[in-house]
Amino acid sequence: MHSRDAVFLEDLCPKLRVRRWRQSLHTYTGKSCIYCGKPSESIDHVLPRSRGGLSITENCVPACLSCNGHKSDADVFDWYRRQRFYDPRRAMAIRAWMDGDLRLALRLLQWAQPDLQQATADSTDADPLLTNQQDDNDWAFQVA
Ligand SMILES: [Zn+2]
Numbered sequence: 720m721h722s723r724d725a726v727f728l729e730d731l732c733p734k735l736r737v738r739r740w741r742q743s744l745h746t747y748t749g750k751s752c753i754y755c756g757k758p759s760e761s762i763d764h765v766l767p768r769s770r771g772g773l774s775i776t777e778n779c780v781p782a783c784l785s786c787n788g789h790k791s792d793a794d795v796f797d798w799y800r801r802q803r804f805y806d807p808r809r810a811m812a813i814r815a816w817m818d819g820d821l822r823l824a825l826r827l828l829q830w831a832q833p834d835l836q837q838a839t840a841d842s843t844d845a846d847p848l849l850t851n852q853q854d855d856n857d858w859a860f861q862v863a
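Laid out in structure tokens, this is it:
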């Protein structure tokens with residue numbers, strides 16, 4: 720209703736900077752939704768813009784499209800407590816995130832989702848190559 724009264728980050732910064740900022744938010748959570756842990760496809764305003772929520776890190780969390788859409792303008796904790804995937808550790812993480820304590824938020828998210836750290840490791844493609852090389856070495860070693 721009063722959304723036009725607020726000054727949004729998107730209005731102030733060049734698009735590229737906003738995109739990088741959004742990407743960094745996704746990277747924090749290993750590209751997973753802060754609410755349910757599914758792949759994050761969007762940035763959700765914890766306090767909706769329609770209620771004066773700002774586009775700042777403390778108010779913007781990675782979310783899947785489903786959570787982002789279902790939450791809409793509801794109070795985040797009221798909405799979250801009603802979800803089947805509700806996890807108190809994630810609720811605490813959201814509170815820490817809103818307080819600007821990202822480090823604590825990430826620790827809580829890792830507690831709720833222990834494989835979170837592996838989500839950013841994308842070097843597994845090299846594994847077959849390495850294995851082949853090792854096989855070759857073993858073979859050469861045996862011949863010698
Ligand atoms: Zn979600």
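If you count by the numbering used here, then the sequence shown holds residues 720 to 863, one letter each, in order. Cβ coordinates follow ideal geometry from the N, Cα and C atoms, glycine included. No experiment lies behind these values; they were computed from the predicted model shown.
Taking buried to mean at least 16 other C-beta atoms within 10 Å of its own C-beta, is I813 buried or exposed? In the assembly as shown, I813 is a buried residue. Its beta-carbon has 16 or more other beta-carbons within 10 Å.
Taking C-beta to C-beta, are Y754 and A793 nearer than 9 angstroms? Contact: no.
Cβ-heavy atom distance, K750 to ligand 1, below 8 angstroms: Relative to the non-hydrogen atoms of ligand 1, the Cβ of K750 never comes closer than 8 angstroms to any of them.
Cβ neighbour criterion (16 or more within 10 Å) applied to K790: By the 10 Å Cβ count, K790 comes out buried.
Please classify G788 as buried or exposed, where buried requires at least 16 neighbouring CB atoms within 10 angstroms. Under this definition G788 is an exposed residue.
Nearer than 8 angstroms: is that true of the beta carbon of S785 relative to any heavy atom of ligand 1? At a threshold of 8 angstroms, S785 counts as near ligand 1, since its beta carbon sits closer than that to one of the ligand's heavy atoms.
Closer than 8 angstroms by C-beta to D818: which residues in its own chain qualify, once you throw out the five before and the five after it? Chain order, please. Hits under 8 angstroms: E777.
Taking 8 angstroms as the cut-off, is the C-beta of A782 nearer than that to any heavy atom in ligand 1? True, at least one ligand heavy atom lies under 8 angstroms from that Cβ.
C-alpha gap between M811 and D763, whole angstroms: Roughly 17 angstroms between the two C-alpha positions.
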